[in-house]
Amino acid sequence: MTIVSIIIAGILTYFTRMTMVALISRDMLGDKVKAVLEYVPSAVFPAIIFPGIFINDYGTFIEINDPKIYGALVAILIGYLSKNIIATISAGLISYWFLIFVIFS
Amino acid sequence: MLSKKKLFTKGMLDISPHMLSVIPFGIICGAIGVDLGFNPYLVYAMSFIIFGGASQIVFLQLLSGGASSLVAVASVGIINSRHLLYGAVLSEYLEKLSFLKKLFISYVIVDQAFAESNKFFKKNTNEEFLHYHLIGTGCTLWVCWQIATLSGIILGSFVPEELGLKFAIPLTFIAIVVQDLKKIDHVIVMITCGLSSLLFFDAPFKSYIIISPIIALFVAALLLRLKK
Numbered sequence: 037m038t039i040v041s042i043i044i045a046g047i048l049t050y051f052t053r054m055t056m057v058a059l060i061s062r063d064m065l066g067d068k069v070k071a072v073l074e075y076v077p078s079a080v081f082p083a084i085i086f087p088g089i090f091i092n093d094y095g096t097f098i099e100i101n102d103p104k105i106y107g108a109l110v111a112i113l114i115g116y117l118s119k120n121i122i123a124t125i126s127a128g129l130i131s132y133w134f135l136i137f138v139i140f141s
Numbered sequence: 003m004l005s006k007k008k009l010f011t012k013g014m015l016d017i018s019p020h021m022l023s024v025i026p027f028g029i030i031c032g033a034i035g036v037d038l039g040f041n042p043y044l045v046y047a048m049s050f051i052i053f054g055g056a057s058q059i060v061f062l063q064l065l066s067g068g069a070s071s072l073v074a075v076a077s078v079g080i081i082n083s084r085h086l087l088y089g090a091v092l093s094e095y096l097e098k099l100s101f102l103k104k105l106f107i108s109y110v111i112v113d114q115a116f117a118e119s120n121k122f123f124k125k126n127t128n129e130e131f132l133h134y135h136l137i138g139t140g141c142t143l144w145v146c147w148q149i150a151t152l153s154g155i156i157l158g159s160f161v162p163e164e165l166g167l168k169f170a171i172p173l174t175f176i177a178i179v180v181q182d183l184k185k186i187d188h189v190i191v192m193i194t195c196g197l198s199s200l201l202f203f204d205a206p207f208k209s210y211i212i213i214s215p216i217i218a219l220f221v222a223a224l225l226l227r228l229k230k
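Here the protein sequences come in this chain order: A and B. Letter 13 of the first sequence, counting from 1, is numbered 49 in this note's numbering, and no numbers are missing. Letter 73 of the second sequence, counting from 1, is numbered 75 in this note's numbering, and no numbers are missing.
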């Protein structure tokens, strides 16, 4: 790893952040495009959520009874009802820990 | 009309719950870099120069696995290309800013800051200094990320691995999208994206992270057409 490769990766990353903000004006995006862009959070974040749950550190699928699945389900339920981020994350982690340290240990 | 300071503070408050996952993730990220045998200064430089959690870990892992710099850099670019979508969404709210301000604010557009500020922007379109909310969310995350990765580099992995704290990452994003489960069209888009990400997980350069949103947005466009 060299500082040059980090700087190039950093410039690339910065361009992904800056291009649309700095170079696109509102008029360039039609109403149809804007309507589709409404879905961006729902269209992007599951690509972080699903592999984070269903794929383990070695890049293979987890078992169907993996505690992460139950932890995620508890987080979804608590998150939906509480509308609270801390409650959602804690509920998921605590139920996950309960399963790995108490039930499966 | 809220003052700049109020908006900035609101941004800080809105993003702070996410630090529950950002801080452990940052510590892990720093510790992994040192564990893999990289120069600690370079590991920290990534947090400052790249400033993108998942891409930093992939960068380290690819290089330590013997991949060429070209492959590692390309992967970082592809993983982070999702920011193009965030920028497209936010451009509408930021278009009044001067070019220089746009250049600065772009640096702090990260997942959670985008998610929280976008929610706030949608509800408060009339505010004049709206962008201060994004500065608040983005800078808070930036500071926490720098401190967290630095602590991971200096202290090593003081978060026990058995705790599986990496699981906090998907949980943080569940918290972001969970309220949209009320809307059937959003549910369809989410499931499309999630299943695609599993299907394309082994695609080169970690490109599943941009392939699946593109497929999901395509489905969203179809749904919009059906709705009419």
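Don't be surprised by glycine CBs; every beta carbon is placed ideally from N, CA and C. All values derive from a computational prediction rather than experimental measurement.
His133 of chain B is outside the set of residues whose beta carbon lies under 8 Å from a beta carbon in chain A. DSSP lists A:Ile91 as the bridge partner or partners of Phe97 of chain A. Rounded to the nearest angstrom, the gap between the Cα atoms of Leu15 of chain B and Ala111 of chain A is 21 Å. Under the rule that a run must span 3 or more residues, no beta strand (DSSP E) segment is found entirely inside the segment 16-70 of chain B. Taking 8 Å as the CB threshold, Gly79 of chain B lines the interface with chain A.
Nearest C-alpha to Asp102 of chain A among A:Leu65, A:Ile136, A:Thr49: A:Ile136. For Ile125 of chain A, the enclosing alpha helix (DSSP H) starts and ends at 121-133. Taking 8 Å as the CB threshold, Thr11 of chain B stays off the interface with chain A. Burial check for Arg62 of chain A: the Cβ neighbour count within 10 Å stays below 16, so the residue is exposed. Judged by DSSP in its simplified three-state form, Met54 of chain A adopts helix. Selection A:Ile91, A:Pro87, A:Asp67 evaluated against Phe175 of chain B yields A:Pro87 as nearest (Cα-Cα). Residue contact with chain B for Leu65 of chain A: present (Cβ-Cβ distance below 8 Å to some residue of chain B). In summary, the residues of the segment 157-186 of chain B whose CB is separated from some CB of chain A by less than 9 Å are Glu164, Leu165, Gly166, Leu167, Lys168, Phe169, Ala170, Ile171, Pro172, Leu173, Thr174, Phe175, Ile176, Ala177, Ile178, Val179, Val180, Gln181, Asp182, Leu183, Lys184, Lys185, in the order they occur in the chain. For a cut-off of 8 Å, the C-beta gap from Leu167 of chain B to Ile30 of chain B is around 7 Å, short enough to register as a contact.
Under the Cβ criterion of 8 Å, Val138 of chain A is not counted among the residues facing chain B. Ranked by Cα distance from Ser119 of chain B, the options B:Leu4, B:Ile213, B:Gly55, B:Val91 are led by B:Val91. Distance check between Ile42 of chain A and each of B:Ser5, B:Ser49, B:Leu4, B:Pro26 places B:Ser49 closest, using alpha-carbon atoms only. Interface residue (Cβ-Cβ distance to chain B less than 8 Å): Ser78 of chain A is classified as such. Using a Cβ-Cβ cut-off of 8 Å, Ile155 of chain B does not count as an interface residue toward chain A, since no Cβ of chain A sits closer than that to its own. Within the same chain, Val189 come within 7 Å of Leu183 of chain B by CB-CB distance, once the 5 residues on both sides are set aside. Taking 4 residues as the minimum length, the alpha helix (DSSP H) runs contained wholly in the segment 102-185 of chain B are 113-125, 133-157, 170-179, in order along the chain. Residues of chain B whose Cβ lies closer than 8 Å to the Cβ of Leu135 of chain A do not exist; the shortest such Cβ separation is about 10 Å. If the five residues before and after Ser108 of chain B are omitted, its C-beta is found closer than 8 Å to the C-beta atoms of Gly89, all from its own chain and listed in chain order.
Rounded to whole angstroms, the gap between the alpha carbons of Leu9 of chain B and Trp133 of chain A is 37 Å.
The Cβ of Ser41 of chain A sits closer than 8 Å to at least one Cβ of chain B. Counting C-beta pairs with one atom in each stretch, the segment 127-147 of chain B and the segment 92-102 of chain B have three or more that are closer than 8 Å, which means they touch. The CB of Ala150 of chain B never comes closer than 7 Å to any CB in chain A; the least such distance is about 16 Å.
The residue among B:Ile156, B:Val221, B:Ala218, B:Thr194 with its C-alpha nearest the C-alpha of Val36 of chain B is B:Ile156.
Neighbours of Tyr132 of chain A across chain B, judged by C-beta separation under 7 Å: Gly166, Phe169. At a cut-off of 8 Å between beta carbons, Cys195 of chain B contacts chain A. Residues of chain B with a Cβ closer than 9 Å to the Cβ of Ile125 of chain A are, in chain order, Pro19, His20, Leu22, Ser23, Ala170, Leu173, Thr174, Ile176, Ala177.
Annotated three-state conformation of Leu4 of chain B is coil, per DSSP. Of the residues assessed, Arg227 of chain B falls on the exposed side of the cut-off, its CB having fewer than 16 other CB atoms within 10 angstroms.
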